[in-house]
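J.:
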Amino acid sequence: MLKRDKQIRGVFCLFSRSIIALTLVWFLAASAMALADDINLPIYMDTSYSFEERAADLVSRMTPGEKQSQLGNGMEAIPRLGIRGYNLWSEGLHGVMAEGATSFPSSFAVGASWDPALLKMEASAISDEARGFAALKGKGLTYWSPVVEPARDPRWGRNAESYSEDPFMAAEMAGGFIMGMKGQDPKYLKTVPTAKHYVANNSEFNRHDGSSDMDERDLREYYAYPYKYLSESVDLTGVMSSYNRVNGVPASANLYLIDSLLRKTWGFDGYVTGDCGAVQDMYLHHQYAATGQEATALGMKAGVDCDCGTVYNTYALDAIDAGLMTGDDLDRALVNVFTVRMRTGEFDPAGDVAYSGITPDVIESPEHAALALEVAEKTPVLLENREVPGQ
Numbered sequence: 001m002l003k004r005d006k007q008i009r010g011v012f013c014l015f016s017r018s019i020i021a022l023t024l025v026w027f028l029a030a031s032a033m034a035l036a037d038d039i040n041l042p043i044y045m046d047t048s049y050s051f052e053e054r055a056a057d058l059v060s061r062m063t064p065g066e067k068q069s070q071l072g073n074g075m076e077a078i079p080r081l082g083i084r085g086y087n088l089w090s091e092g093l094h095g096v097m098a099e100g101a102t103s104f105p106s107s108f109a110v111g112a113s114w115d116p117a118l119l120k121m122e123a124s125a126i127s128d129e130a131r132g133f134a135a136l137k138g139k140g141l142t143y144w145s146p147v148v149e150p151a152r153d154p155r156w157g158r159n160a161e162s163y164s165e166d167p168f169m170a171a172e173m174a175g176g177f178i179m180g181m182k183g184q185d186p187k188y189l190k191t192v193p194t195a196k197h198y199v200a201n202n203s204e205f206n207r208h209d210g211s212s213d214m215d216e217r218d219l220r221e222y223y224a225y226p227y228k229y230l231s232e233s234v235d236l237t238g239v240m241s242s243y244n245r246v247n248g249v250p251a252s253a254n255l256y257l258i259d260s261l262l263r264k265t266w267g268f269d270g271y272v273t274g275d276c277g278a279v280q281d282m283y284l285h286h287q288y289a290a291t292g293q294e295a296t297a298l299g300m301k302a303g304v305d306c307d308c309g310t311v312y313n314t315y316a317l318d319a320i321d322a323g324l325m326t327g328d329d330l331d332r333a334l335v336n337v338f339t340v341r342m343r344t345g346e347f348d349p350a351g352d353v354a355y356s357g358i359t360p361d362v363i364e365s366p367e368h369a370a371l372a373l374e375v376a377e378k379t380p381v382l383l384e385n386r387e388v389p390g391q
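Numbering-wise (the working numbering), the sequence shown opens with residue 1 and increments by one.
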């Protein structure tokens, strides 16, 4: 009996050691496979790198033709790299521009509330609905709002899009909107707000071919002040360059405005898009450039990263071949654009992105309707007639 027990214990010990050995082999094999996966994982998919590093890696993997296809507001899908088709153009100034979205009061009305915190709440609701539409229809998360131009002249015709005639007031209100659109997550953006129109495009009748002429003080203290404030104070993510010329040079080809002031002086590090048709205006209306190739080179070298239109994604490679710009100019522009797309979590696991859980049921929700009413109730300004003593 004792001998049999020893035999049984021996067999059991041998079996246990075999199980332990197999488990160890499996663990080592799994670890090796995981390590191999990590080694083979491209940088643009590796969340341990910065968004800028990942964007640079992604752009480096594109062919020249693929790069050119990403330069307009309509960006083509590149399935081999996991890039989906994307439209940079969405609007959300007083609600997502889509059927069924909650509509809030106009910007000029909200400006009369003198309440940036209220506007931040509104923009937070708008960005929630933007995420809802993204989940429902695949809508992009880059929004070409807010309008931060001060409404200096009542003849402009688009004053309702601005918050105020005062640049400080316009900047403060726009700051609330931008913070609400960006969200509060320390890593990911809920949406990408884009301030417009840079700069001094407050004239409607000659919007595409006029020149806004001013001295340096007027430019910096009035027209450009909101962009300075937003770049330095709320980490502005996007800027739209305008149609007009500024002191004779098209805003979308203006190296001084975009590179020297916006980026190097005020520290803006987001992406810049041209207004829709602004690059085309350089040769079609301003006669500042002779061809699409020249306009592409002027815009891209000035710092306009993408073209709302088809000029860039038609002529970029031709401009490089003609020696008007370099491949580095093109790559720098694409890195800026894809960095902001990366920041929305588009290329990351949904479980890592706090805003990926927002569902379409937020669209025109009762809570958002109640907020729209609250905003509306805080916008009227009542004037009181008072007798002036001695009159």
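For every residue, glycine included, the Cβ atom is placed at its ideal position computed from N, Cα and C.
Quick caveat: nothing in here was measured; it's all calculated off a predicted structure.
Of all the options P116, S124, S127 and G92, which has the alpha carbon lying nearest to the alpha carbon of V147?
T.: By 1-based counting over the sequence shown, the position of residue 147 is 147. Nearest C-alpha to V147: G92.
J.: Measuring only the C-alpha atoms, how far is H368 from V375?
T.: As a working note, residue 368 is residue 368 in the sequence shown. As a working note, residue 375 is residue 375 in the sequence shown. Distance between the alpha carbons of H368 and V375: 10 Å.
J.: Identify, in the order they occur along the chain, each residue of the same chain with its Cβ nearer than 7 Å to the Cβ of L58, setting aside the five sequence neighbours on each side.
T.: Position 58 of the sequence shown holds residue 58. For L58, where only same-chain residues beyond five positions count, the Cβ hits under 7 Å are Y44, L81 and F338.
J.: The beta strand (DSSP E) that contains T339, what's its start and end?
T.: Taking the first residue of the sequence shown as 1, we reach residue 339 at position 339. From DSSP, T339 is part of no beta strand (DSSP E) but of the alpha helix (DSSP H) over G327 to R343.
J.: Which residues share a DSSP beta bridge with S211?
T.: Mapped onto the sequence shown, residue 211 falls at position 211. R245.
J.: Count the other CB atoms, across all protein chains shown, that sit within 10 Å of the CB of V381; report buried if there are 16 or more and exposed otherwise.
T.: Residue numbering aside, residue 381 sits at position 381 when the sequence shown is read from its first letter. It counts as exposed.
J.: CA-CA distance, L219 and N40?
T.: On the sequence shown, residue 219 is found 219 positions in, with the first residue counted as 1. On the sequence shown, residue 40 is found 40 positions in, with the first residue counted as 1. Rounded to the nearest angstrom, the two C-alpha atoms are 51 Å apart.
J.: Rounded to whole angstroms, what's the CA-CA distance from I320 to T296? Just pull it up for me.
T.: Here residue 320 refers to the residue found at position 320 when the sequence shown is read from its first residue. Here residue 296 refers to the residue found at position 296 when the sequence shown is read from its first residue. Going by the C-alpha atoms only, they are around 10 Å apart.
J.: Below 9 Å between beta carbons: does that hold for A253 and L284?
T.: Taking the sequence shown and counting its residues from 1, one reaches residue 253 at position 253. Taking the sequence shown and counting its residues from 1, one reaches residue 284 at position 284. No, Cβ-Cβ distance for A253 and L284 is not below 9 Å.
J.: Alpha carbon to alpha carbon, what distance is there between E172 and P186?
T.: Translated into positions along the sequence shown, residue 186 becomes position 186. Translated into positions along the sequence shown, residue 172 becomes position 172. Near 22 Å, if we compare the C-alpha coordinates of E172 and P186.
J.: If V340 sits next to T47, beta carbons under 8 Å apart, how far is it from one beta carbon to the other, in whole angstroms?
T.: Residue 340 sits at position 340 when you count from the first residue of the sequence shown. Residue 47 sits at position 47 when you count from the first residue of the sequence shown. Incorrect: roughly 16 Å between the Cβ atoms, too far for contact.
J.: What span of residues does the alpha helix (DSSP H) with H368 cover, start to end?
T.: Position 368 of the sequence shown, counted from the start, is the residue given in the question as residue 368. Its alpha helix (DSSP H) spans residues P366 to E377.
J.: Taking only three categories from DSSP, how would you classify K137?
T.: In the sequence shown, counting from the first residue as 1, residue 137 sits at position 137. Looking at K137 - three-state DSSP - the assignment turns out to be helix.
J.: To the nearest angstrom, report how far apart A322 and A160 are at their CA atoms.
T.: As a working note, residue 322 is residue 322 in the sequence shown. As a working note, residue 160 is residue 160 in the sequence shown. C-alpha separation (whole angstroms): 44 Å.
J.: Using alpha carbons as the reference points, say which of E346, P366 and G277 lies closest to Y86.
T.: Numbered from its first residue, the sequence shown carries residue 86 at position 86. The shortest Cα separation from Y86 among E346, P366 and G277 belongs to E346.
J.: Count the other C-beta atoms from every protein chain shown that fall within 10 angstroms of the C-beta of G175, then say buried if there are 16 or more, exposed otherwise.
T.: The residue labelled residue 175 in the question sits at position 175 within the sequence shown. The residue in question, G175, is buried, as its Cβ has 16 or more Cβ neighbours within 10 Å.
J.: Looking at the unbroken alpha helix (DSSP H) that takes in P393, where does it start and where does it end?
T.: Because the chain here runs from 1 to 391, residue 393 falls outside it and cannot be looked at.
J.: Considering Cα atoms alone, identify which of Q184, S90, I178 and L262 is closest to Y198.
T.: By one-based count along the sequence shown, residue 198 stands at place 198. Here the closest residue by C-alpha is L262.
J.: By DSSP's criteria, N87 is part of a beta bridge. Which residues make up the other side?
T.: Stepping through the sequence shown from its first residue, residue 87 is reached at position 87. G74, per the DSSP bridge assignment.
J.: Taking the continuous alpha helix (DSSP H) assigned at A278, which residues delimit it?
T.: Locating residue 278 in the sequence shown gives position 278, counting from the first residue. A278 to L284 is the span of the alpha helix (DSSP H), which, as asked, contains A278.
J.: Taking all protein chains shown into account, do 16 or more other C-beta atoms lie within 10 angstroms of the C-beta of A101, making it buried, or fewer, making it exposed?
T.: Along the sequence shown, one-based indexing puts residue 101 at 101. Answer is buried; the Cβ neighbour count reaches 16.
J.: Would you say A130 and S90 are within 9 Å of each other, going by their C-beta atoms?
T.: For the purposes of this step, residue 130 is taken as the residue at position 130 of the sequence shown. For the purposes of this step, residue 90 is taken as the residue at position 90 of the sequence shown. Yes, they are a contact pair.
J.: Contact check, G183 vs Y49 under 8 Å by CB: the rounded distance?
T.: Translated into positions along the sequence shown, residue 183 becomes position 183. Translated into positions along the sequence shown, residue 49 becomes position 49. So it is not a contact: roughly 22 Å between Cβ atoms.
J.: Sorted by chain position, which residues of the same chain lie with C-beta nearer than 7 Å to A290's C-beta, five sequence neighbours on each side aside?
T.: On the sequence shown, residue 290 is found 290 positions in, with the first residue counted as 1. The residues are Y283.
J.: What's the C-alpha gap between L371 and A125?
T.: Position 371 of the sequence shown, counted from the start, is the residue given in the question as residue 371. Position 125 of the sequence shown, counted from the start, is the residue given in the question as residue 125. So the alpha carbons of these two residues sit roughly 9 Å apart.
J.: Can you name the residues that DSSP bridges to V192?
T.: As a working note, residue 192 is residue 192 in the sequence shown. Partner(s): T142.
J.: State the start and end residues of the unbroken beta strand (DSSP E) segment that holds V272.
T.: Residue 272 sits at position 272 when you count from the first residue of the sequence shown. It spans Y271 to G274 - the beta strand (DSSP E) in which V272 sits, taken as one unbroken run.
J.: I need the DSSP call for V239, collapsed to helix, strand or coil.
T.: Position 239 of the sequence shown holds residue 239. V239 falls in the strand class under three-state DSSP.
J.: For A21, I'd like the list of residues in its chain whose CB is within less than 7 Å of its CB, leaving aside the five on either flank, ordered along the chain.
T.: Position 21 of the sequence shown, counting from 1, holds the residue named residue 21. Residue placement at A21 is poorly supported in this model, since its pLDDT is 48, which falls under 50; the coordinates still yield a value, given next. Once the five neighbours on either side are set aside, A21 has no close Cβ partner at all.
J.: Compare the Cα-Cα distances from G95 to each of M121, A56 and W114 and report the closest residue.
T.: If you number the sequence shown from 1, residue 95 lands on position 95. Nearest of M121, A56 and W114 to G95, Cα basis: M121.
J.: May I ask you to report which of helix, strand or coil DSSP gives L93?
T.: In the sequence shown, counting from the first residue as 1, residue 93 sits at position 93. Residue state, collapsed to three classes: strand.
J.: Given this structure, state the Cα-to-Cα distance separating E216 from L257, to the nearest angstrom.
T.: Start at 1 with the first residue of the sequence shown, and residue 216 comes out as number 216. Start at 1 with the first residue of the sequence shown, and residue 257 comes out as number 257. Taking the straight line from one Cα to the other gives about 11 Å.
J.: Please confirm whether D305 and R332 have their CB atoms less than 9 Å apart.
T.: Start at 1 with the first residue of the sequence shown, and residue 305 comes out as number 305. Start at 1 with the first residue of the sequence shown, and residue 332 comes out as number 332. Taking 9 Å as the Cβ cut-off, D305 and R332 qualify as a contacting pair.
J.: To the nearest angstrom, report how far apart K301 and M325 are at their CA atoms.
T.: Translated into the one-based positions of the sequence shown, residue 301 becomes position 301. Translated into the one-based positions of the sequence shown, residue 325 becomes position 325. Distance between the alpha carbons of K301 and M325 is about 7 Å.
J.: Below 6 Å CB to CB, which residues in the same chain sit around L383 once its five sequence neighbours on both sides are set aside?
T.: Indexing the sequence shown from 1 puts residue 383 at position 383. Excluding residues within five positions, none has a Cβ falling inside 6 Å.
J.: Ends of the alpha helix (DSSP H) at D318?
T.: What you label residue 318 is simply residue 318 of the sequence shown in a count that begins at 1. Per DSSP, D318 belongs to the alpha helix (DSSP H) from Y312 to D321.
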